[in-house]
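Numbering (this note's numbering), first residue to last: -14 to 784.
Pasting the structure below:
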């Protein structure tokens, strides 16, 4: 009865953990009106390295008394050209101008602004721009949404006209430059948008002069600002590739001495360009448009250093780190993919020669020293990604050669981690290295997430604020290695307990991982949590042995679906501005705009599949497993038979990694990150288990054999394989029913030297010597010794 109820109980437990972890969100208060006027001043290309007390005294004073942050200027085009930045500001969503542009560059021609009446202005190209963004781009942005949300708006300069133009092209109030006394103009409407110029180029002297000119214009704005007004200054765009982080400063009532943040970034000190439009409306107390902005209203948080120079140094350093990360990340993953492919090719001949063969023929075993070196290299390869994550604790991007510094730090961390695993007590065991590597990886990634995911932001194996996709929580690579490490750790622990307890152990470890991945306080990845729930359910139902039957697959699918539905119901009950990605997608499906989200996700999947080096890792890992490890000579099937909980963990990892990547728009990136950990460990465990394939194993005491014989001392093998047993170190410490390597507990395999000896024949009595009694006696029976059973026939999943 208990066994029949176990799937249902486990399903309910997984669902409860998943929904509880996803449903709890940080409190988000409704933004209150804080100003009567809002002034948005933009300087294309302005970065924090351009700001100091001498060149930009006005902006420096604003930053001293206001809130500051780093601005990601992502738009629908990369790099974000000035016209794209201004258009995105006015749309509140990712938008782009439809003019022709060189590859990777910006449109050469300026924006046509007509002034037919001397009061407002008209943009004759606005209609085609709106159609381009509505029909050709996947973000469904509506240029002019910000100005449509207020009664009247002012634009100063051509860039500001692009942001302030309504969808049909009309600008309510327009001036090509600031008048001598801008008070009347800035006080005529509740919203004013001002183009302060551009800071461009790489020459420090040129940038300093342009920043000084923009600051002089800002001084005039600050002197003429309306009473009780909020002034936002932003580096509105890039001026050339590659992208950089830019300046954003807010000065006004309620914005004193803090860090800027928003719900769209979830990290102090970071805003998106699309956050500025909802911030302006929230400060004015105006309702958001029916078609919601992609951005969220900004807020100010405390804990900023009192010394502004120290405070400004943080976003400037973040910009340098993000720029260095872009140049190093691609090379790192390319090298990782090449190294792992070469290591996989090196493992193939060792797998062929690993299993001892009976008799005089068979391949010569590989030298023990060579096998030991390859095993250490496999551990090092599996630890490379968590070591690269830890390397971001060292400010490698500040050096003159950041790539080489990062490579050196990562290599040292890989060496340290490999040494820790190599000299750990369980190294001799089949599952010892696998458990140590999985546990170490889970610990590194989990601690980083629990402490704010600081190593993932702008990290080489994390996410870049320049991309504008994620600013907090788990990265795509982090999700892959965390789910793989957590499920493998759960499988390793489950293999050490009695069979009946294995599903509970897998659920306990995996359930914690689901909460860490999906909680908005931690990993902030609900899609990843749903995918991990599916993998966890698959692992739990087959962890005690047996096949993934239709009924077990149904229970696993029900668990993942129940978590998704439960979270969706909770998310949809929140106010529209507070919904997560799943709730917003379902709302879009309801109003008929969900196709844009599906189109964006499919486009991102295709681009990532084609361009990412992690695709090579995923495909190479899959080929190695399918065409080598799962072959009769590959050892993985034998490993699965001896250690069913490990088989369950690997199956769950595959399910979770593929689902997580596809649903999150990351294609095979999650699977590639997981493969970087799983495939080397699976190859190492296969080598170990093949090396013990010819070991002899004593039948379990007290367990009925196939011939009905029961051994004498009454023990039971329900506990499953452990790391040690009365027989010694077993297939490399992984165990077997007796936990031993051979009948005498040998550490090394004992090859079979030949066929077993024939049973002794009865003595033949010559006819002359027979007694009369012998003729009438029954024929003597040959004495048959007990059948010796190898691990390949007995160390399988418990029935």
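A virtual CB, placed ideally from N, CA and C, is assigned to each residue, including glycine.
Going by DSSP, residue 141 is part of the beta strand (DSSP E) stretching over 138 to 141. One Cα belongs to residue 450, the other to residue 135, and the distance between them is close to 31 Å. DSSP, reduced to helix, strand and coil, places residue 56 within a strand of the structure shown. When the Cα atoms are used, residue 586 and residue 165 turn out to be separated by approximately 50 Å.
Under the three-pair Cβ rule at 8 Å, the segment 477 to 496 does not count as touching the segment 346 to 359. Counting of Cβ neighbours within 10 angstroms places residue 422 among the buried residues, the total reaching 16 or more.
Each of 242, 550 and 445 was checked against the Cα of residue 391, and the nearest Cα belongs to 445. Assignment of alpha helix (DSSP H) within the segment 378 to 425, counting only whole runs of 4 or more residues, yields 387 to 407 in chain order. Three or more beta-carbon pairs separated by less than 8 Å are not found between the segment 162 to 179 and the segment 90 to 99, which leaves the two stretches without contact. For residue 177, the secondary structure class from DSSP, reduced to helix, strand or coil, is strand. Taking every protein chain shown into account, the CB of residue 317 has 16 or more other CB atoms within 10 angstroms, so this residue is buried. The segment 284 to 296 and the segment 495 to 502 do not touch, with fewer than three beta-carbon pairs separated by less than 8 Å.
Residue 466 holds the alpha-carbon nearest to the alpha-carbon of residue 646 among 62, 466, 542 and 412. For residue 456, the three-state secondary structure derived from DSSP is coil. When Cβ pairs closer than 8 Å are counted between the two stretches, the segment 47 to 67 is seen to touch the segment 240 to 260, the count reaching three or more.
Distances from the alpha-carbon of residue 404 to those of 418, 414, 249 and 393 put 418 closest.
Of the candidates 505, 469 and 285, the residue whose Cα lies closest to the Cα of residue 552 is 505. Here DSSP, grouped into helix, strand and coil, assigns residue 257 to strand.
If you ignore the 5 residues before and after residue 25, its C-beta comes within less than 6 Å of the C-beta of 178 and 217, all in its own chain and listed in chain order.
Short of 8 Å from the beta carbon of residue 383, and not among the five residues preceding or following it, lie these beta carbons of its own chain, in chain order: 302 and 305. Within 10 angstroms of the beta-carbon of residue 120 lie fewer than 16 other beta-carbons, which makes it exposed. Counting other Cβ atoms within 10 Å of its Cβ, residue 420 reaches 16 or more and is therefore classed as buried.
Distances from the CA of residue 648 to each of 512, 608, 622 and 661 were compared; the closest alpha carbon is that of 512. Distance from the CA atom of residue 58 to the CA atom of residue 653, rounded to whole angstroms, is 27 Å. Counting only the Cα atoms, residue 597 lies some 51 Å from residue 209. Cβ neighbours of residue 491 within its own chain (closer than 6 Å, five residues either side excluded): 475, 479, 524, 525 and 528.
Taking C-alpha positions only, residue 247 is separated from residue 614 by approximately 48 Å.
Taking a contact as a CB-CB distance under 8 Å, the pair residue 638 and residue 469 counts as one, their CB atoms being some 5 Å apart. In this model, residue 254 and residue 147 are separated by some 27 Å (Cα to Cα). By the CB criterion at 8 Å, residue 514 and residue 503 fall inside the cutoff. A Cβ-Cβ separation of about 6 Å places residue 662 in contact with residue 426 under the 8 Å criterion. At a Cβ-Cβ threshold of 8 Å, residue 658 and residue 462 count as neighbours. As the crow flies, the alpha-carbon of residue 555 is around 37 Å from that of residue 220.
A distance below 7 Å between beta-carbons, with the five flanking residues on each side excluded, links residue 263 to the following residues of its chain, in chain order: 77, 273, 278, 280, 281 and 282. Here the C-alpha atom of residue 310 lies approximately 25 Å from the C-alpha atom of residue 605. Comparing alpha carbon positions, the residue from 636, 143 and 363 closest to residue 532 is 636.
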